[in-house]
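To start, the structure itself, in structure tokens.
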Amino acid sequence: MSLLGEDIVTEDGLFVVNMGPQHPSTHGVLHLKVWLDGETIHKIEPHMGYIHRSIEKMSENLSYRNFIFATSRMDYLAAHINNEACALAVEKGLGIQATPRAKVIRILMGELTRLASHQLWWGCTGLDLGAVSPFFYAFRDREAINDIMEETCGARLTQNYVVPGGVMFDIHPNFQKRTKEAIANFKRNLTDYDKLLTGNVIFENRTKGVGILTKEDAISFGVTGPTARASGLSCDVRKWFPYSGYENVEFDEILATEGDCFARYMCRMAEMRQSVRIIEQLIDNIPEGDFQEKTKAVIKLPKGEFYQRVETPRGELGVFIVSDGAASPYRVKYRSPGFSNLSALSTMAKGGKIGDLVAIMATIDLVIPDIDR
Amino acid sequence: MQASIIIFYCLAAMIIGGAILAVTSLKIFRAAVFLLFSLIGIAGLYFWMNYEFIAAVQIVVYVGGIVVLIIFSIFLTHHSGEDMKSPKLARSIFVAIAASSGFALTMLLILQHQFFASSGNVVEPTVKNIGTQMLSTTENGYLLPFEVISILLLAAMIGAIVIAIKTKTKA
Amino acid sequence: MKEPGYFKTIYLSVKSLLTGMRMTGYYFTHPKETHTEQYPDNRATLKMMDRFRGEVIMPHDETNEHRCTGCQSCEIACPNGSIKIITKQEVNAEGKKKKAIDTWVYHLDMCTMCNLCIVACPTDAIKMGQKFEHSVFDKSLLKKILNEPGSKVKSGVE
Amino acid sequence: MKTVLTISLSSIAGHIHQWLEKAIGNPTIVYLIDMVLVAVCLLVFLVLLCFFLGWMERKVAAFMQIRLGPNRVGPKGSMQIVADTVKLLFKEGLTPAASDKFLFHLAPMIVVIASMMVCAPLAFAKDFQIFDISIGVLYVSAVSSLGIIGILMAGWSSYNKYSLLGAMRSGAQIVSYELSIGLSLISVVIMVGSLKMSDIVMSQSDGWWIWKGHIPMIISFIIFVVASTAEINRAPFDLTEAEQELTGGFHTEYSGMKFAMFLLSEYINLFVVSAIAATLFLGGWMPLHIGHLQSFNHIMDYIPSSIWFMGKTMFIIFIIMWFRWTFPRLRVDQLLNLEWKYLLPISMVNILLVTLMAIMGWHF
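Chains as they are written, first to last, in the numbering used here: chain A, 321 to 693; chain B, 14 to 184; chain C, 112 to 269; chain D, 11 to 374.
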């Protein structure tokens with residue numbers, strides 16, 4: 321066995337390890353080139369593009385009704401929120417607003433999506449840190465939410481429930497009952513989560529003081545979402561730029577100051593509680609009325625540029641549409657949260673061990689199709 | 014032929030074969046593994062002689078300690094996978110002469126020595142006896158040799174640390 | 112915050128570990144909590160959610176009539192081009208020429224079940240079916256013709 | 011103690027030996043046949059045991075994770091592991107082109123042989139032992155250190171960086187955890203005054219060491235279980251495999267039968283470690299006896315000694331599995347911290363306590 325060559329061992333004796341594109345903890349086809357000094361990380365270079373599907377380019381050839389469906393495939397764990405962002409951008413262009421009922425349904429669905437996404441993240445964090453069982457507990461709770469999605473939207477993951485002007489059809493008669501049950505169950509099961517990971521000494525050791533991201537770094541890398549809020553950067557789009565009526569709902573923006581993996585973990589755990597709070601406020605107060613504002617069969621946006629941001633479970637998703645007045649957008653650009661969050665990975669992981677890198681990747685909650693689009 | 018004799022020859026073959034391969038192998042990691050076999054063979058020989066305690070100590074110290082340290086130091090130095098250069102002929106001849114004269118000297122001593130059957134109190138090699146003997150300071154006690162031998166482990170430890178420390182050349 | 116002492120650390124660590132073990136132990140001793148779906152065994156009784164989107168189907172009534180007029184709204188609405196409608200000119204009883212479907216081709220392999228075609232259909236001719244076991248060995252089997260042979264459009268559907 | 015059952019494992023073994031002596035006569039050949047018989051029996055036993063442990067692990071994991079586990083092949087999925095073994099047997103054994111082929115093939119064998127060798131001094135039942143060596147405990151700790159060489163060889167010869175990192179981790183891990191294992195073994199040896207397995211078991215005829223030895227023995231039992239979990243590379247100490255970090259560690263490149271051998275050795279090690287813990291602290295095959303409750307003790311004697319031994323071993327195996335399916339994995343530096351900062355100092359103090367107890371006779 322000979323250890324030579326630039327891509328294996330550098331002249332300084334640094335070990336070059338290609339983590340991914342097929343690696344159990346990169347959560348998809350992410351390729352990280354890692355320079356190691358023993359087990360200590362010296363440098364990381366993310367290589368992307370393994371799952372690039374040109375969603376932005378595809379959107380230029382689809383009508384304003386149709387391009388929404390493609391965004392379900394970006395951040396597939398928050399498909400509903402992605403769809404909502406696009407619909408909101410189109411509504412902004414048309415100068416209309418969704419009906420009050422549709423708005424509340426969107427918030428409810430969005431928060432259920434956020435819960436489901438955070439539950440999956442919690443399970444995967446446990447899995448990445450070597451505990452297999454959390455994954456199954458998380459999936460038990462996530463399954464209930466997926467069932468709600470299936471009942472009302474017709475699909476479990478890529479719902480495509482949002483259309484410009486509202487939602488595609490009204491909620492299922494069982495929706496409220498089922499949601500209340502799921503939320504009640506989840507509130508009980510949340511103590512399991514704390515017992516299994518939050519208080520566990522091994523987990524705390526693995527995450528506390530690991531992968532620290534300072535507030536300054538978070539700002540300069542454009543990090544958003546719970547990852548940034550754990551560093552003390554207040555950036556919740558739902559608070560700063562309320563959409564869909566989030567301004568009428570009571571909830572707290574979760575902030576922490578440590579900026580380490582444990583802070584990110586606790587931020588997300590607290591966000592789950594906030595999501596539950598929002599759902600509980602709204603579930604009995606869905607206003608009556610139309611679920612969809614009337615729009616023309618062929619939507620044409622006026623000439624101009626429209627930008628809409630929403631808060632996905634991973635951070636700020638921006639949809640930027642340039643319209644030349646035709647029936648399909650001239651240019652669409654998505655500002656995906658995963659991409660910016662990934663850029664901070666190298667800074668966070670430097671000086672840590674390989675095990676730390678896995679913990680950091682788990683707590684910034686990467687979804688690779690969201691990064692590549 | 015008795016089973017015991019067969020086992021002895023098997024063990025002897027293992028020791029000698031392992032030793033020869035360890036010296037002749039050009040891959041340093043393989044050499045360490047062959048050395049391991051040789052040491053295990055020696056441990057087996059102790060077992061064969063019913064000196065179980067010594068055999069276990071042989072495994073603990075040499076196999077579990079020294080060889081692992083050797084392998085570690087091989088890991089820590091790069092380029093360990095390449096073949097070593099074959100030694101020069103002159104050097105090989107010199108080593109061969111040195112080794113065979115050492116062998117001859119040992120054999121000479123063994124052959125000249127008058128072996129006699131031990132008489133009287135044969136100490137049973139039980140753990141209790143070994144423990145008492147090892148820590149006794151009387152004439153037949155082994156406290157001093159025991160301590161001297163522990164220097165071997167110290168030397169191995171220091172050697173491992175020296176190899177592990179990378180000299181950082183600062184520009 | 113003061114760091115807890117040596118023994119307190121040990122006590123707290125062991126306590127936290129035992130809490131976790133108690134939880135897994137609880138589930139181990141309570142097999143009723145099992146959440147496994149009995150999927151292939153419960154095929155006979157398995158009922159999907161009524162809005163579940165499995166594939167596009169075109170319901171025909173007992174007289175082999177469907178509601179599709181061949182307006183091609185769905186074909187336009189489909190983002191993936193998985194619908195292809197071939198129309199023909201038909202002469203009806205009054206001697207008027209009328210557009211009707213010849214073949215309604217559905218490429219299941221390209222479909223993403225986005226429901227946009229169903230929303231676009233003005234006559235409710237198509238809807239989403241609940242079948243979800245679509246695996247086949249030959250890809251060409253995924254190309255389906257939805258209108259049954261000899262079927263015609265229901266009278267009164269414009 | 012009165013033998014309650016006339017048919018015991020030891021009497022069967024004795025009968026076979028006597029019959030062989032009568033039939034053949036030549037002591038050398040009888041001895042060789044005995045050895046071969048023992049080896050075959052041990053192999054069959056261990057392989058069957060590994061099948062059982064594999065099934066047990068899956069079921070334990072499944073029930074802890076609110077699912078059902080394997081339930082297709084055989085009753086309750088019990089034949090699943092057999093199906094998996096058959097699959098591994100027929101699988102192509104890949105060898106990386108740049109690997110050191112000789113060591114690559116040798117490594118799994120060394121690992122398996124080392125773990126099987128440790129079985130020799132185990133007392134499976136009353137008077138039923140392969141080799142009642144006078145230094146039993148020392149032998150166990152010596153031979154179990156051989157397995158690490160196999161892991162180092164596997165990691166180095168695979169020509170894979172993940173494997174190499176895994177091997178390095180395993181080296182550091184095993185070398186340090188052997189210390190606290192040794193110290194907790196010694197605490198029993200101090201109490202018994204002998205390294206012999208049979209003596210250790212006999213010394214517990216009136217109570218197991220975990221009861222007799224008060225708190226220090228309980229501490230050393232816990233330390234032994236924790237440290238041996240680390241020694242056999244099981245979660246939460248499975249850094250050498252660390253699927254999420256090193257994609258399988260030292261056995262990343264192994265497939266087919268050679269991978270199965272690593273798996274086999276993992277389960278044998280699990281069994282051996284638990285068996286030793288059961289022998290040293292829980293009385294081995296010795297039934298549960300409580301003080302002077304003669305009738306109770308008598309009932310306990312009716313349960314065959316082999317069942318006592320296996321029952322205790324399975325109990326400890328279950329605990330180790332329980333660890334695995336509950337905890338996250340430690341990081342490599344925390345692993346060493348745990349050993350050098352907590353386990354080792356505690357077990358050193360514990361040794362002093364045990365010695366004091368032994369001298370003062372403060373045990374039952």
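Every residue gets a Cβ at the ideal spot worked out from N, C-alpha and C, and that includes glycine.
Checklist entry - How big is the Cα-Cα spacing for A184 (chain B) and R179 (chain D)? => result In the second sequence, counting from the first residue as 1, residue 184 (chain B) sits at position 171. In the fourth sequence, counting from the first residue as 1, residue 179 (chain D) sits at position 169. Any reading at A184 (chain B) is ruled out, since the residue's pLDDT is 42, under 50, leaving its predicted position unreliable.
Item to check | Cut-off 7 Å between Cβ atoms - residues of its own chain near M321 (chain A), not counting five sequence neighbours on either side | outcome: Locating residue 321 (chain A) in the first sequence gives position 1, where the first residue counts as 1. At M321 (chain A) the pLDDT is 38, less than 50, meaning the model places this residue with poor confidence and gives no usable figure here.
Checklist entry - Going along chain C in order, which residues have a C-beta closer than 7 Å to the C-beta of S453 (chain A)? => result Walking along the first sequence from the start, residue 453 (chain A) turns up at place 133. Ordered by position in chain C, the residues that pass the 7 Å Cβ test against S453 (chain A) are T135.
Checklist entry - What does a CB cutoff of less than 8 Å around I680 (chain A) pick up in its chain, not counting 5 residues either side in sequence? => result The residue labelled residue 680 (chain A) in the question sits at position 360 within the first sequence. Once the five neighbours on either side are set aside, the close Cβ partners of I680 (chain A) are V530, G531, C581, L665, M668, A669, G672.
Checklist entry - Is W166 (chain D) closer than 8 Å to F88 (chain B) when the C-beta atoms are compared? => result The sequence position of residue 88 (chain B) within the second sequence is 75, counting from 1. The sequence position of residue 166 (chain D) within the fourth sequence is 156, counting from 1. The Cβ-Cβ distance between F88 (chain B) and W166 (chain D) falls below 8 Å.
Next on the checklist: If we require 4 or more residues per run, which alpha helix (DSSP H) segments fall completely within the region 147–226 of chain C?
Outcome noted: Runs of the alpha helix (DSSP H) inside the region 147–226 of chain C: 184–188.
Checklist entry - Going by DSSP, which residues form a beta bridge with T360 (chain A)? => result Taking the first residue of the first sequence as 1, we reach residue 360 (chain A) at position 40. A:D357, A:K673.
Next on the checklist: Buried or exposed, going by whether 16 or more other CB atoms sit within 10 Å of the CB of V150 (chain D)?
Outcome noted: For the purposes of this step, residue 150 (chain D) is taken as residue 140 along the fourth sequence, with counting starting at 1. V150 (chain D) is buried by the Cβ-count criterion.
Checklist entry - Shorter than 8 Å from the beta carbon of H351 (chain A) to some beta carbon of chain D? => result Translated into the one-based positions of the first sequence, residue 351 (chain A) becomes position 31. Among the residues facing chain D, H351 (chain A) is not included, as its CB has no counterpart in that chain under 8 Å away.
Next on the checklist: Quick check on L129 (chain C): buried or exposed, where buried means 16 or more other Cβ atoms within 10 Å of its Cβ?
Outcome noted: To locate residue 129 (chain C), count along the third sequence from 1; it is residue 18. Residue environment for L129 (chain C): exposed (fewer than 16 other C-beta atoms within 10 angstroms of its C-beta).
Item to check | Three-state class that DSSP yields for F73 (chain D) in the structure shown | outcome: Here residue 73 (chain D) refers to the residue found at position 63 of the fourth sequence. Helix.
Next on the checklist: So K673 (chain A) contacts chain D; which residues on that side make the cut at Cβ distance below 8 Å?
Outcome noted: One-based indexing of the first sequence puts residue 673 (chain A) at position 353. Residues of chain D passing the Cβ test: R341, V342, D343.
Item to check | Residues in the region 59–79 of chain D having any Cβ partner in chain A nearer than 8 Å | outcome: The residues in question are A71, M74, Q75, I76, R77.
Item to check | I84 (chain B) at chain D interface by Cβ criterion, 8 Å | outcome: Taking the first residue of the second sequence as position 1, residue 84 (chain B) is located at position 71. Yes, I84 (chain B) lies at the interface with chain D (some Cβ there is under 8 Å from its Cβ).
Item to check | CA nearest to the CA of T478 (chain A), picked from A:R373, A:Q601, A:A390, A:P633 | outcome: Here residue 478 (chain A) refers to the residue found at position 158 of the first sequence. Among A:R373, A:Q601, A:A390, A:P633, the Cα nearest to that of T478 (chain A) is on A:A390.
Checklist entry - Which chain C residues are close to F640 (chain A), counting only those with a beta carbon under 9 Å from its beta carbon? => result Taking the first residue of the first sequence as 1, we reach residue 640 (chain A) at position 320. At a beta-carbon threshold of 9 Å, none of the residues of chain C lie near F640 (chain A); the nearest stands roughly 20 Å away.
Next on the checklist: Let me check understanding here. Comparing Cα to Cα, which of D:L63, D:S305, D:R244 lies closest to G450 (chain A)?
Outcome noted: Here residue 450 (chain A) corresponds to residue number 130 of the first sequence, with the count starting at 1. For G450 (chain A), the nearest C-alpha among the options comes from D:R244.
Checklist entry - Whose C-alpha, out of C:V247, C:V216, C:V268, is nearest the C-alpha of D235 (chain C)? => result Mapped onto the third sequence, residue 235 (chain C) falls at position 124. Nearest to D235 (chain C) by C-alpha distance, out of C:V247, C:V216, C:V268, is C:V268.
Item to check | Simplified DSSP state of S357 (chain D), which is helix, strand or coil | outcome: As a first step, residue 357 (chain D) is located in the fourth sequence; it is residue number 347 there, counting from the start. Helix, per DSSP.
Item to check | Simplified DSSP assignment, three categories, for L510 (chain A) | outcome: The residue given as residue 510 (chain A) occupies position 190 in the first sequence. When secondary structure is reduced to three states using DSSP, L510 (chain A) falls in the helix class.
Checklist entry - At a Cβ threshold of 8 Å, is Y277 (chain D) touching chain C? => result Translated into positions along the fourth sequence, residue 277 (chain D) becomes position 267. Cβ-Cβ to chain C under 8 Å: no for Y277 (chain D).
Checklist entry - Near Y22 (chain B), which residues of its chain fall below 8 Å by C-beta distance, leaving aside the five closest residues on each side in sequence? => result For the purposes of this step, residue 22 (chain B) is taken as residue 9 along the second sequence, with counting starting at 1. Closer than 8 Å at Cβ, skipping near neighbours: no residue.
Item to check | Within 8 Å, strictly: CB atoms of G474 (chain A) and F243 (chain C) | outcome: In the first sequence, counting from the first residue as 1, residue 474 (chain A) sits at position 154. In the third sequence, counting from the first residue as 1, residue 243 (chain C) sits at position 132. No; because the gap between Cβ atoms is not below 8 Å, this pair is not in contact.
Item to check | Residue from B:A25, B:I28, B:M27, B:L39 with nearest C-alpha to D110 (chain D) | outcome: Residue mapping note: residue 110 (chain D) aligns to position 100 of the fourth sequence, counting from 1. D110 (chain D) has its Cα closest to that of B:L39, out of B:A25, B:I28, B:M27, B:L39.
Checklist entry - How big is the Cα-Cα spacing for I123 (chain D) and L256 (chain D)? => result One-based indexing of the fourth sequence puts residue 123 (chain D) at position 113. One-based indexing of the fourth sequence puts residue 256 (chain D) at position 246. If I take the Cα positions, the gap works out to 25 Å.
Checklist entry - Quick one: what's got a C-beta closer than 7 Å to K12 (chain D)'s C-beta in the same chain, skipping five residues either side? => result What you label residue 12 (chain D) is simply residue 2 of the fourth sequence in a count that begins at 1. Only weak support exists for where K12 (chain D) lies, its pLDDT of 42 falling under 50; the value from the coordinates is given anyway. Around K12 (chain D): no qualifying Cβ.
Checklist entry - Comparing alpha-carbon positions, which option in A:M394, A:L408, A:R549 lies nearest M384 (chain A)? => result Residue 384 (chain A) sits at position 64 when you count from the first residue of the first sequence. Reading off the sequence shown, one finds Tyr at residue 384 (chain A), where the question assumed Met. The residue among A:M394, A:L408, A:R549 with its C-alpha nearest the C-alpha of Y384 (chain A) is A:L408.
Checklist entry - Any beta-carbon of chain D closer than 8 Å to the one on F118 (chain C)? => result Along the third sequence, read from residue 1 onward, the residue named residue 118 (chain C) stands at position 7. Interface annotation, F118 (chain C): not in contact with chain D, CB-CB separation never under 8 Å.
Checklist entry - Which residues in chain A sit within 8 Å of F337 (chain D), going by Cβ to Cβ distance? => result As a first step, residue 337 (chain D) must be located in the fourth sequence, where it is residue number 327. Within chain A, the residues near F337 (chain D) are G450, A451, N520, I522.
Item to check | Among D:A135, D:A49, D:A130, D:V147, nearest to F141 (chain D) - alpha-carbon criterion | outcome: Position 131 of the fourth sequence, counting from 1, holds the residue named residue 141 (chain D). Distances from the CA of F141 (chain D) to each of D:A135, D:A49, D:A130, D:V147 were compared; the closest alpha carbon is that of D:A130.
Next on the checklist: Strictly under 8 Å for the Cβ-Cβ distance: is K171 (chain D) near chain A by that measure?
Outcome noted: In the fourth sequence, the residue the question calls residue 171 (chain D) occupies position 161. Interface residue, yes.
Next on the checklist: If you measure between the beta carbons of S345 (chain A) and Q254 (chain D), is that distance less than 8 Å?
Outcome noted: Translated into the one-based positions of the first sequence, residue 345 (chain A) becomes position 25. Translated into the one-based positions of the fourth sequence, residue 254 (chain D) becomes position 244. Yes.
Checklist entry - Cα separation between R460 (chain A) and R77 (chain D)? => result Counting from one through the first sequence, the residue named residue 460 (chain A) turns up at place 140. Counting from one through the fourth sequence, the residue named residue 77 (chain D) turns up at place 67. Looking at the two C-alpha atoms, the distance is approximately 10 Å.
Item to check | Element boundaries [alpha helix (DSSP H), containing G413 (chain A)] | outcome: Within the first sequence, numbered from 1, the residue matching residue 413 (chain A) stands at position 93. First-last of the alpha helix (DSSP H) with G413 (chain A): 399–414.
Item to check | Closer than 8 Å to chain A by CB, P226 (chain D) | outcome: For the purposes of this step, residue 226 (chain D) is taken as the residue at position 216 of the fourth sequence. No, its Cβ sits nowhere closer than 8 Å to a Cβ of chain A.
Checklist entry - Where does the unbroken beta strand (DSSP E) through E625 (chain A) begin, and where does it stop? => result What you label residue 625 (chain A) is simply residue 305 of the first sequence in a count that begins at 1. Where E625 (chain A) is concerned, the enclosing beta strand (DSSP E) stretches over 624–632.
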